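Take 1 as the starting number for the sequence shown in the working numbering and just add one per residue. For every residue, glycine included, the Cβ atom is placed at its ideal position computed from N, Cα and C. Values in this document were obtained by computation on a predicted structure and should not be read as measured data. Some notes on the structure that comes next.
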Amino acid sequence: MTNIIDRQSARDVLAKAWISTNLNFGLEKPGRAFSSCSKPSEMWFSANEGNLPSSIVQVFLQMNSQKVYGPLRELDNSAFDERKKIVAEKVNLFTKNEMSILSTDDKIFLLNEISSKKMSSEQMKARRKIYKSFSLDQRFAAWDEMKREKLINELKADGEILDAREKWKSLTDAERIKILTKVASIQARIYGFYEVPIYLRCFTKSDGTEDKSYHGGYDIGREEISINLNDRSTLESFSESINTITHESAHNMQAQLASDFYGNKLTPDDERYNQAKIFYANWATGGYVTRYEDPSEYQIILDAGYKNQPVEVQARKTGDAVGAALEIGLLEKIGF
């Protein structure tokens, strides 16, 4: 990818690491996540070799090789790949209950262990399973709800935005983007992150054909939001446009929180800290789930995996709530 800002910030480290993922329409994801935590259960050995979480040790014991206890950088390629394969296989055997007793740090550790630039079907399946077991951190969820309500109230009190809602069908795309940019600006101010530019683009699939499956996209490398011109249903609807812009702006917020976590700008007492750690893991190389990642899997399963990942759960919660709140209801239409 070109035009990546060349500055030595944590955000740029993430963005540059994100380049190699090669997702559709240039959405590329960053970094690596790491953590350790002890959370053994009856099915696992209680040994605590090296710095590995004790709950994960059995996975590595079955490799019958001392090399697995060393840092990843000391492994040769075959051992590295074998390690990821075994972790993924074990994760896919975990029951729902066994997944539920894992701590957030355990789950992030597992994500790091199975993730790579090129993911096997087994690895992708394990990643989807881990994400399904996540929920929004409670402290972050309370903070997020407070900010979201403030955003909704401010947007509903803005005369220019409400006027645009009434005239939306007759507005040009340029006029619509102006309003959406204002919405994103208000959202950035309330949530405390910086704005990024918004563009209209025609999304395409890898074969060059039109892609109408995405309403929009956020690109951390270019630091920008795009609205998909090939999906006219989004721009033609005020509420869908608001949903999309606040959804994609939420991704911008997530990336900035991940960067702040990576750069040690957040402390554990910050209500955003634990969720920022999760966002960082989700944005890491091999951490993001796409809708078309595994041709051998049923599409309904891939769609669910895409929707269950933390960055999409929070962004969808934001977009759906704000879009619905600003939609003209039946009572409003008839004057009540």
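Task: Counterpart residues of R201 in DSSP-defined beta bridges - done: N228
Open item on the list: For I301, count the other beta carbons within 10 Å of its own beta carbon; 16 or more makes it buried, fewer makes it exposed. Which is it?
Closed with: exposed
- [ ] Could you have a look at Y292 and say whether DSSP puts it in helix, strand or coil?
- [x] coil
- [ ] Ignore the nearest five residues each way along the sequence and tell me which others in E327's own chain have a CB closer than 6 Å to its CB.
- [x] S239
- [ ] Determine the extent of the alpha helix (DSSP H) in which G319 is found, giving its start and end residues.
- [x] P310 to L326
- [ ] Would you kindly work out how many angstroms separate the C-alpha atoms of Q314 and E82, rounded to a whole number?
- [x] 33 Å
Task: Residue interval of the alpha helix (DSSP H) (run including Y191) - done: D173 to Y191
Task: CB-CB length for D137 against Q275, believed under 8 Å - done: 4 Å
Task: Residue from G221, K156 and L266 with nearest C-alpha to H251 - done: G221
TODO: Measure the C-alpha to C-alpha separation of E297 and G319 and round it to an integer number of angstroms.
DONE: 28 Å
Open item on the list: Quick check on this structure: which residue in S100, V311, E113 and K129 has the alpha carbon closest to the alpha carbon of K85?
Closed with: E113
Task: Proximity below 8 Å, CB of F340 to CB of I242 - done: No information on residue 340 is available, as it lies outside the stretch 1 to 336 that the chain covers here.
- [ ] Look up E210 in the DSSP assignment and say whether it is helix, strand or coil.
- [x] strand
Task: DSSP three-state assignment for N64, whether helix, strand or coil - done: Low confidence applies here, because N64 scores a pLDDT of 32, under 50, leaving its location unreliable; read the following figure in that light. Reduced to three states, the DSSP call for N64 is coil.
Task: N- and C-terminal bounds of the alpha helix (DSSP H) containing D337 - done: Given a span of 1 to 336 for the chain in the structure shown, any question on residue 337 remains unanswerable.
TODO: Could you give the DSSP three-state label for Y298: helix, strand or coil?
DONE: coil
Task: Continuous alpha helix (DSSP H) stretch holding D269: start and end - done: Here D269 belongs to no alpha helix (DSSP H), and DSSP marks it neither H nor E.
- [ ] State the CB to CB distance for the pair I225 and S249, rounded to an integer number of angstroms; the pair is presumed to be in contact (CB under 8 Å).
- [x] 7 Å
Open item on the list: Tell me which residue opens and which closes the alpha helix (DSSP H) that Y280 is part of.
Closed with: Y273 to W283
Open item on the list: So, with DSSP's three-state summary, where would you put Y131?
Closed with: helix
- [ ] Helix, strand or coil for N48, going by three-state DSSP, please let me know.
- [x] Note on N48: pLDDT 30, under 50, position unreliable in the model; the coordinate value appears next. Correct three-state label for N48: coil.
Open item on the list: What does the Cβ neighbour count give for N153, buried or exposed, with the cut at 16 atoms within 10 Å?
Closed with: exposed
Task: Helix, strand or coil at G305 [DSSP, three-state] - done: helix
Open item on the list: Between the alpha carbons of E89 and S206, how many angstroms are there, rounded?
Closed with: 30 Å
Task: Identified DSSP bridge partners for G287 - done: Looking at the DSSP assignment, G287 forms no beta bridge with any residue, so it has no partner.
Open item on the list: Here's the rule: buried if 16 or more other CB atoms are within 10 angstroms of the residue's CB, otherwise exposed. What is Q384?
Closed with: One cannot answer for residue 384 here, as it falls past the ends of the chain, which runs 1 to 336.
Open item on the list: In whole angstroms, give me the CA-to-CA distance for F193 and K125.
Closed with: 33 Å
- [ ] Verify whether the separation of the beta carbon atoms of W143 and E271 is less than 8 Å.
- [x] yes
Task: Residues near R165 in its chain [Cβ-Cβ closer than 6 Å; skip 5 each side] - done: F238
Open item on the list: Suppose contacts are defined by Cβ-Cβ distances below 8 Å. Is T246 in contact with Q309 by that definition?
Closed with: no
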